[in-house]
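Peer 1: This note's numbering puts the first residue of the sequence shown at 184, with every later residue one more than the last.
I'd like to ask you about the structure that follows.
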Amino acid sequence: LRGQIEQLTAEIEQLSKENQFLKDENYVIQKQVEAEKEKVAEMVVVNTDLTKQIAVGSRIFLKGLDVKPLRDAVFGDYKTTDKISKLDKIDVSYQLANNDLAEKGSKMLYFQVVKPTKSVLTNSAAGSGLASFDGGEKQYTVKKSINFQNKNESGSFSIPKTEGMTAGQYTVNVFSDEHKMGSAEFTLK
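Next comes the structure, spelled out in structure tokens:
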């Protein structure tokens with residue numbers, strides 16, 4: 184009986200040592216798993232940041248924006264004016280910058296003419312409406328569909344004088360892909 188007790192005691196000690204070894208090994212593995220989870224979480228953050236940077240870098244940008252208030256001179260010829268009483272239309276010309284990261288193809292540009300009262304000039308003949316840009320649903324004056332081919336595309340259009348236009352400073356904002364590309368200002372007396 185004593186021999187069996189000693190044998191069982193020895194087995195218990197051996198099993199206790201093996202159990203402690205397994206506990207230690209399990210602890211080390213758990214720490215390694217936690218470290219790997221932290222690395223994965225860090226990589227997800229870095230990947231998200233890089234995705235955002237790529238999204239910003241792949242936007243299309245304005246190279247130039249020119250806005251001219253015009254009056255009808257003679258025989259369809261137009262001249263620049265700064266007087267609201269003589270205004271017939273607003274000419275808007277734009278040029279897009281090259282961007283090798285930007286995806287080629289159809290893009291939508293939204294032009295927003297902000298009046299001196301800070302409200303947006305709307306003109307049903309020009310196709311005014313609502314779109315999502317600059318962090319929310321906003322009104323635009325004109326939208327233009329372009330075929331972006333990364334070749335310094337340019338374009339121009341006119342906005343006819345609209346009821347409700349008053350003297351003061353006007354701002355023309357340009358948006359695409361939900362971000363503001365640029366703006367220009369003009370003043371009417």
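Just so you know, even glycine gets a beta-carbon here, dropped at the ideal spot from N, CA and C.
Computed from a prediction, not measured in an experiment: that's the story for all the values here.
What three-state label does DSSP hand Asn158 in the structure shown?
Peer 2: Residue 158 lies beyond the stretch modelled for the chain, which goes from 184 to 372, so this question has no answer here.
Peer 1: Ser307: which of Leu248, Asp317, Gln322 and Pro299 sits nearest, CA to CA?
Peer 2: To locate residue 307, count along the sequence shown from 1; it is residue 124. It is Gln322.
Peer 1: Should Lys298 go down as buried or exposed, given a rule of 16 or more other Cβ atoms within 10 Å for buried?
Peer 2: For the purposes of this step, residue 298 is taken as residue 115 along the sequence shown, with counting starting at 1. Under this definition Lys298 is a buried residue.
Peer 1: Shortest alpha-carbon distance to Gly319 belongs to which of Leu270, Glu361 and Gly347?
Peer 2: The count along the sequence shown starts at 1 and reaches residue 319 at position 136. Checking every option, the nearest Cα to that of Gly319 belongs to Glu361.
Peer 1: Measure from the alpha carbon of Val250 to the alpha carbon of each residue in Thr231, Phe340, Thr349 and Ser199, then state which is nearest.
Peer 2: Translated into positions along the sequence shown, residue 250 becomes position 67. Taking only the C-alpha atoms, the option nearest Val250 is Phe340.
Peer 1: Using 8 Å as the threshold, is the C-beta distance between Phe331 and Lys266 below it?
Peer 2: Counting from 1 along the sequence shown, the entry for residue 331 is found at position 148. Counting from 1 along the sequence shown, the entry for residue 266 is found at position 83. In this structure, Lys266 does not lie closer than 8 Å to Phe331 by Cβ.
Peer 1: Could you tell me the distance, in whole angstroms, from the CA atom of Lys235 to the CA atom of Arg242?
Peer 2: For this step, residue 235 is matched to residue 52 along the sequence shown. For this step, residue 242 is matched to residue 59 along the sequence shown. C-alpha of Lys235 to C-alpha of Arg242: approximately 11 Å in a straight line.
Peer 1: Any idea which residues DSSP pairs Asp274 with across the strands?
Peer 2: Taking the sequence shown and counting its residues from 1, one reaches residue 274 at position 91. Bridge partners of Asp274: Lys251 and Ser341.
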